[in-house]
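Numbering (my numbering), first residue to last: 153 to 342.
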């Protein structure tokens with residue numbers, strides 16, 4: 153059996169906020185012909201940044217996350233503002249959250265944060281030769297502590313649950329796969 157797109161018979165915008173929209177789509181299963189309501193959380197695209205210093209440390213942020221009511225250890229990231237490219241957003245978020253800039257930004261691709269109910273993408277960037285440039289300027293809703301850790305420590309942090317944010321773990325997985333590419337050795341010596 154082939155998986156096919158489900159035709160949309162109609163869409164209705166429900167409640168929303170300044171960050172998220174909420175939509176109900178009436179769809180038809182191509183397999184059964186039955187109609188269903190599906191709900192979609194509309195969100196802007198996001199970015200996250202693995203900023204690597206000349207000493208092969210990665211820049212992280214510790215911050216309070218209201219959803220889980222816990223402090224988390226994450227890489228910097230945020231929303232791709234309307235009209236911005238993902239790279240522009242990655243550069244902005246790195247500077248705002250950490251005060252760091254970098255010489256080179258490389259996109260490692262994207263993940264769908266939750267394709268069952270969300271319509272956005274999260275782009276992962278590597279920022280090479282990252283260095284402090286100015287004091288961080290977090291948003292009003294952010295309390296952030298900037299920390300760096302050696303690349304070699306990161307897998308243990310994931311294994312021990314010190315890094316538990318799914319999108320951050322996915323980004324780090326992409327990063328470690330990228331570092332295994334023989335062509336990367338000239339760009340990043342691990």
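Backbone N, C-alpha and C define an ideal beta-carbon position, used for all residues, glycine too.
Residue 213 and residue 202 do not touch by the CB rule: their CB atoms are close to 12 angstroms apart, not below 8 angstroms. Residue 160 holds the alpha-carbon nearest to the alpha-carbon of residue 182 among 331, 168, 160. Taking residue 247 as reference, the option from 218, 295, 332, 229 with the minimal CA-CA separation is 229.
Shown here, residue 297 sits in a strand according to DSSP, grouped into three states. The three-state reading of DSSP puts residue 267 in coil, since its state is none of H, G, I, E or B. Rounded to whole angstroms, the gap between the alpha carbons of residue 236 and residue 167 is 25 angstroms. Within the model, the alpha-carbon separation for residue 256 versus residue 206 is close to 12 angstroms. Proximity of the region 214-223 to the region 294-307 meets the contact definition, three or more beta-carbon pairs being nearer than 8 angstroms.
Non-local beta-carbon contacts of residue 197 in its own chain, meaning distances under 6 angstroms to residues more than five positions away in sequence, involve 232, 272, 273 in chain order.
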